[in-house]
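Engineer: Here's a structure for you.
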Amino acid sequence: MNCIIIDDEATARTILSQLCSGISDLKVVGEFDSVLQGISFLKQQQKQIDFILLDIHLPDFTGFDFINTLASGELKHVLEKTPKIILTTSDKNFAIEAYEYDCVVDYLLKPILPLRFNKAIQKIKKNMHQASETSLASNLIETSENQLFVNIDKRLIKIDIPSIYLIEAKGDYINLKTEKNNYIVHSSLKKIKNKLPDALFLRVHRSYIINTNKILGIEDNTVLINKEVIPISRSSRTELMKRINLL
Amino acid sequence: MDVPNLKYINKLANGDKIFSKKLIDIIKQEFPVEKHSYYKNINSNNFEMALQNVHKLKHKLSILSFEKGYLLAIKHEENLRIHNNSLNEEFKRVLDKITDYLNSI
Numbered sequence: 001m002n003c004i005i006i007d008d009e010a011t012a013r014t015i016l017s018q019l020c021s022g023i024s025d026l027k028v029v030g031e032f033d034s035v036l037q038g039i040s041f042l043k044q045q046q047k048q049i050d051f052i053l054l055d056i057h058l059p060d061f062t063g064f065d066f067i068n069t070l071a072s073g074e075l076k077h078v079l080e081k082t083p084k085i086i087l088t089t090s091d092k093n094f095a096i097e098a099y100e101y102d103c104v105v106d107y108l109l110k111p112i113l114p115l116r117f118n119k120a121i122q123k124i125k126k127n128m129h130q131a132s133e134t135s136l137a138s139n140l141i142e143t144s145e146n147q148l149f150v151n152i153d154k155r156l157i158k159i160d161i162p163s164i165y166l167i168e169a170k171g172d173y174i175n176l177k178t179e180k181n182n183y184i185v186h187s188s189l190k191k192i193k194n195k196l197p198d199a200l201f202l203r204v205h206r207s208y209i210i211n212t213n214k215i216l217g218i219e220d221n222t223v224l225i226n227k228e229v230i231p232i233s234r235s236s237r238t239e240l241m242k243r244i245n246l247l
Numbered sequence: 001m002d003v004p005n006l007k008y009i010n011k012l013a014n015g016d017k018i019f020s021k022k023l024i025d026i027i028k029q030e031f032p033v034e035k036h037s038y039y040k041n042i043n044s045n046n047f048e049m050a051l052q053n054v055h056k057l058k059h060k061l062s063i064l065s066f067e068k069g070y071l072l073a074i075k076h077e078e079n080l081r082i083h084n085n086s087l088n089e090e091f092k093r094v095l096d097k098i099t100d101y102l103n104s105i
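Those protein sequences? They're chains A and B, same order as listed.
The first sequence finishes on residue 247 if you use UniProt numbering, and the numbering steps up by one all the way, no holes.
The second sequence finishes on residue 105 if you use UniProt numbering, and the numbering steps up by one all the way, no holes.
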């Protein structure tokens with residue numbers, strides 16, 4: 001995760017930076033003493049900024065002015081995703097106003113204790129994970145019993161569900177194979193499994209879902225499907241054997 | 001506690017002496033500037049700016065775990081919002097205490 005710190009007090013920036021250094025997967029990519037400096041940095045930034053540790057009481061423009069700038073979409077053309085915000089302040093009076101903004105994930109009262117800071121980071125991680133899950137789910141749209149639309153390069157492509165013979169997990173993507181084409185989609189096996197009919201598709205391995213109608217043969221712990229040999233996990237084999245019409 | 005101390009800084013540093021020194025040095029640099037600005041603003045009845053100064057100084061008091069001074073700063077900040085500077089003299093004594101403490105560490 002990448003974050004930036006916006007606070008006009010060097011003392012506060014030093015403390016926040018120290019707290020961040022205790023989080024192994026967190027990198028502070030910039031520290032700024034004003035909203036304008038922060039905006040200027042974001043406009044030129046190539047890296048994704050996941051969240052901002054933002055003071056409310058700042059000279060010239062307040063933390064809320066900054067959030068309004070983000071919310072207005074002024075930076076949308078330069079930011080792939082709007083960063084989340086953790087507000088840091090010595091004033092508890094702004095808490096209610098703070099939570100009116102969707103991007104505000106937490107509100108930390110100074111002096112910030114390490115345990116409380118870690119809790120805020122956990123909230124950020126949870127929030128990012130949920131956003132990612134929503135994004136993955138939105139890449140797969142089931143329109144009818146036999147059709148599925150997948151989002152590839154901002155285009156929705158229709159796939160006939162019965163034509164899918166194999167779905168393979170590839171990191172953050174799935175490779176969806178039909179007799180005519182392969183489709184690489186940013187999604188997960190868990191997500192697509194929910195969009196497919198259970199009677200037809202079976203997860204036979206942590207990396208594979210197969211269309212049981214397309215099976216050509218089964219040998220030991222593998223299944224032959226459209227010229228591809230796919231491993232079957234021990235736990236899935238029993239379920240697979242139940243599904244086939246065994247003489 | 002009734003006296004400034006390094007309880008919070010030590011907790012934050014978790015044994016990292018370089019960090020403790022760095023933070024104390026920064027406080028030593030920022031505090032006199034903020035204090036001077038506060039005196040200037042409160043003496044010229046610029047309550048809005050004095051309020052901003054108290055807000056920043058309040059954070060330093062909390063970092064130095066000076067609870068009594070911190071609570072007074074909260075009250076003084078609230079008063080200044082309604083242009084009441086009745087706690088000014090008491091707050092100045094808190095600032096003097098911090099000055100002495102910073103000189104001693």
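Heads up, the beta-carbon is just placed ideally off N, CA and C, and yes, glycines get one too.
1) Would you report the Cα separation of A:Leu-26 and A:Lys-170, rounded to the nearest angstrom?
2) Starting from the Cα of A:Thr-62, find the closest Cα among A:Ile-210, A:Ile-192, A:Asn-181 and A:Ser-34 and give me that residue.
3) What are the boundary residues of the alpha helix (DSSP H) that B:Pro-32 is part of?
4) If you follow the beta strand (DSSP E) that A:Lys-170 is in, where does it begin and where does it stop?
5) Identify every run of the alpha helix (DSSP H) within the region 54-120 of chain A, keeping only runs that are complete inside it and at least 4 residues long; order them along the chain.
6) Do you know offhand how far B:Pro-4's Cα is from A:Tyr-101's?
7) Give me the chain B residues within the contact set of A:Gln-18, using Cβ-Cβ distance strictly less than 7 Å, ordered along the chain.
8) Nearest-angstrom Cα distance between A:Thr-69 and B:Leu-6?
9) Mapping the DSSP letters down to three states, classify A:Glu-179 as helix, strand or coil.
10) Rounded to whole angstroms, what is the Cα-Cα separation between B:Ser-37 and B:Asn-53?
11) Roughly how many whole angstroms lie between the Cα atoms of B:Ile-26 and B:Asn-46?
12) Does any residue of chain B have a CB that is nearer than 8 Å to the CB of A:Glu-57?
13) How would you write the range of the alpha helix (DSSP H) that A:Ile-5 sits in, first residue to last?
14) Per DSSP, B:Asn-14 is paired with what?
15) Check whether the region 82-93 of chain A and the region 103-121 of chain A are in contact - that is, three or more C-beta pairs closer than 8 Å.
16) Say whether chain A places a C-beta atom closer than 8 Å to the C-beta of B:Lys-68.
17) I'd like to know if A:Glu-9 contacts chain B, where contact means its C-beta is closer than 8 Å to some C-beta of that chain.
18) Going by beta carbon distance, what residues of the same chain come within less than 8 Å of B:Leu-72, once the five residues before and after it are set aside?
19) Below 8 Å, how does it come out for the region 1-13 of chain A and the region 11-18 of chain B: are there three or more Cβ pairs, yes or no?
20) Do the CB positions of A:Thr-11 and B:Glu-30 come within less than 8 Å of each other?
21) Using 8 Å as the cut-off, can you tell me whether the region 35-45 of chain A makes contact with the region 144-163 of chain A, which would need three or more C-beta pairs spanning the two stretches below that distance?
Structural biologist: Straight from the coordinates:
1) Linking A:Leu-26 to A:Lys-170 through their CA atoms gives a straight-line distance of about 25 Å.
2) Answer by Cα proximity: A:Ser-34.
3) Judged by DSSP secondary structure, B:Pro-32 falls within the alpha helix (DSSP H) whose first and last residues are 17-43.
4) Run containing A:Lys-170: 164-170, per the beta strand (DSSP E) assignment.
5) Qualifying alpha helix (DSSP H) stretches, in chain order: 63-72 and 95-98.
6) If you draw a straight line from the Cα of B:Pro-4 to the Cα of A:Tyr-101, it comes to about 37 Å.
7) Using a Cβ-Cβ cut-off of 7 Å, A:Gln-18 is close to Leu-12 and Phe-19 of chain B, given in chain order.
8) Rounded to the nearest angstrom, the two C-alpha atoms are 38 Å apart.
9) Here DSSP, grouped into helix, strand and coil, assigns A:Glu-179 to coil.
10) Their Cα atoms are separated by approximately 7 Å.
11) About 26 Å.
12) One detail in the question is off: residue 57 of chain A reads as His in this sequence, not Glu. By this cut-off, A:His-57 is an interface position.
13) For A:Ile-5, no alpha helix (DSSP H) run applies; the uninterrupted beta strand (DSSP E) run containing it begins and ends at 2-6, by DSSP.
14) Under DSSP, B:Asn-14 shares a beta bridge with no residue.
15) Result yes; three or more Cβ-Cβ pairs closer than 8 Å.
16) Chain A, which has no Cβ nearer than 8 Å to the Cβ of B:Lys-68, makes this no.
17) Yes, A:Glu-9 counts as interfacial toward chain B.
18) Once the five neighbours on either side are set aside, the close Cβ partners of B:Leu-72 are Leu-87, Glu-90, Phe-91 and Val-94.
19) Flag = no, the region 1-13 of chain A and the region 11-18 of chain B do not touch.
20) Cβ atoms of A:Thr-11 and B:Glu-30: closer than 8 Å.
21) Output reads no: the region 144-163 of chain A does not touch the region 35-45 of chain A.
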